[in-house]
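Reviewing the structure listed below.
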Amino acid sequence: MALDASSLSLAMQGFADHLAANFSQDVTVTVESPNAASEQAKGSDKAVLNVFCYRILPSGIHPEFGQNEPTFIRAQVLLTAFSDASDASVKDKDLRVLGHAVRVLQSQPVIPVVLPGGTPAPEATEYRLQAVLQAPEMEEMNHIWSIQGGDLAYRLSAAYELALIPIEPLTYLPPPTPVEAVILDLGADAVVDDEIGQTPLAITAADAKVNWLPFTMINTGDVLVSELAVASGTDRISLAVAGPENEPVRITVAWSRTDGSEDTQSAQDFEIKSTALTPETPTASVTLDNAASGDTATIITRPRGDDLPAGNTVRVIVT
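The C-terminal residue of the sequence shown carries number 403 in my numbering, and the numbering is unbroken.
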């Protein structure tokens, strides 16, 4: 069974094709082991520029990517020139070939290769591959050449890193559906204009009863506030509560006393009367126990029931 091309193979071959396009027909660019490239150059009047991929590295840590999304790698390669040692026409042919390859990559470091491969669909992502000159330690270079085997001796090479190469998953995770609308203030008569040309969507208070939370503000008589300063001895405040009409809520007052102690009043129950939060919204009369100067009360409102999440909180500061 024939193997399909991978992003890695396409990146290497695309890199080699880019170099070959900038040489005359007297130079062949290969993607082989150094031994194979050396053998190809023997007895040939053409020089061989070989691209040898010797290391694959991760591009970094990408916690936002899952197993069904592309990952990215960096490939380190050696560019090495080979020519027939018996060809006396040009003594420094290897240096000329290698030097010209470095000139090409200095002038055109971004490789015009489409990855992950082929001609992508209009919505597909095209990645750019960049060649960056490296300076590996001589110990590392000597090790690479010492394990090639045969009679192949150390040869001057240019080291490059090709980055970034996308590795596509076997199966893509379907992308999430784009958000079409966000509603911040929901009323019984609210109408949302549909951006995609369908019939406008009417949202009623009944729709809001699924996974709803109450929203509260303190009513001072003419404005709504989230924090209110009251005098010592104040025994109640007016709390405006919005949400699905006729839904029950439980209001809890949690105190942080001026001496550092904390206590919580008994829960107070209320029934929501409005889906909109305005100064005219019907209010719940919330009792404050023993409000003394320096105390702070946090008022928590949640749907009536066991262990249900709360909506927003408001504060009362006793001066």
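Positions of the beta carbon are idealized from the N, C-alpha and C atoms, including for glycine. Every value quoted in this text rests on a predicted model; they were computed, and no experiment measured them.
May I have the straight-line CA-CA distance separating residue i from residue j, to the nearest angstrom?
i	j	result
L312	L213	59 Å
P142	I157	5 Å
S90	V398	58 Å
Q218	S241	11 Å
S377	G305	23 Å
L94	T300	59 Å
A274	T359	Bear in mind that the predicted position of A274 carries a pLDDT of just 49, short of 50, making it unreliable; the figure below should be weighed with that in mind. Cα to Cα, A274 sits roughly 10 Å from T359.
E210	V194	13 Å
G98	S230	28 Å
R386	I145	40 Å
I249	A159	8 Å
L103	V113	7 Å
H227	L182	21 Å
V400	G344	16 Å
L199	F166	29 Å
Q369	L297	One point to set straight first is that residue 369 is Ser, not Gln, in the sequence displayed. Distance between the alpha carbons of S369 and L297 is about 20 Å.
L246	S310	56 Å
N445	I384	Examination of residue 445 is not possible in this model, given that the chain is present from 85 through 403 alone.
E221	L254	37 Å
L92	A394	52 Å
P147	P154	12 Å
M96	E116	10 Å
S340	G317	15 Å
V307	R320	17 Å
Roughly how far, in whole angstroms, is the beta-carbon of residue i from the beta-carbon of residue j, given that I think they are within contact range, below 8 Å?
i	j	result
A121	V132	5 Å
Y244	A215	5 Å
S322	T367	4 Å
N330	I302	Rounded, the Cβ-Cβ distance is 22 Å, inconsistent with contact.
A338	T382	5 Å
G127	D168	6 Å
C137	V161	5 Å
Could you give the DSSP three-state label for residue i: helix, strand or coil?
i	result
I228	helix
F156	strand
E116	coil
S241	strand
L92	helix
F149	coil
S322	strand
Q109	coil
R388	coil
V400	strand
S122	helix
V370	strand
L182	helix
K84	It is not possible to answer for residue 84, since the shown part of the chain is limited to 85 through 403.
E422	Residue 422 cannot be examined here, being either before or after the span of the chain that is shown, 85 to 403.
G234	coil
G127	coil
G98	helix
With DSSP as the reference, please indicate the residues paired to residue i in a beta bridge.
i	result
A338	T348, T382
P332	E355
Q214	V194, A247
T164	N134, S241
E311	R399
L103	Partner(s): none; L103 has no beta bridge.
R187	None; R187 has no bridge partner.
M301	A324
P142	I157
L199	Y211
For the pair the stretch 313–326 and the stretch 341–351, tell me if three or more CB-CB distances fall below 8 Å. Three or more Cβ pairs closer than 8 Å define a contact, and the stretch 313–326 falls short of that threshold against the stretch 341–351.
contact_flag[the stretch 113–129, the stretch 186–203] where n(CB pairs < 8 Å) is 3 or more: The stretch 113–129, when compared against the stretch 186–203, does not touch it at the 8 Å Cβ threshold.
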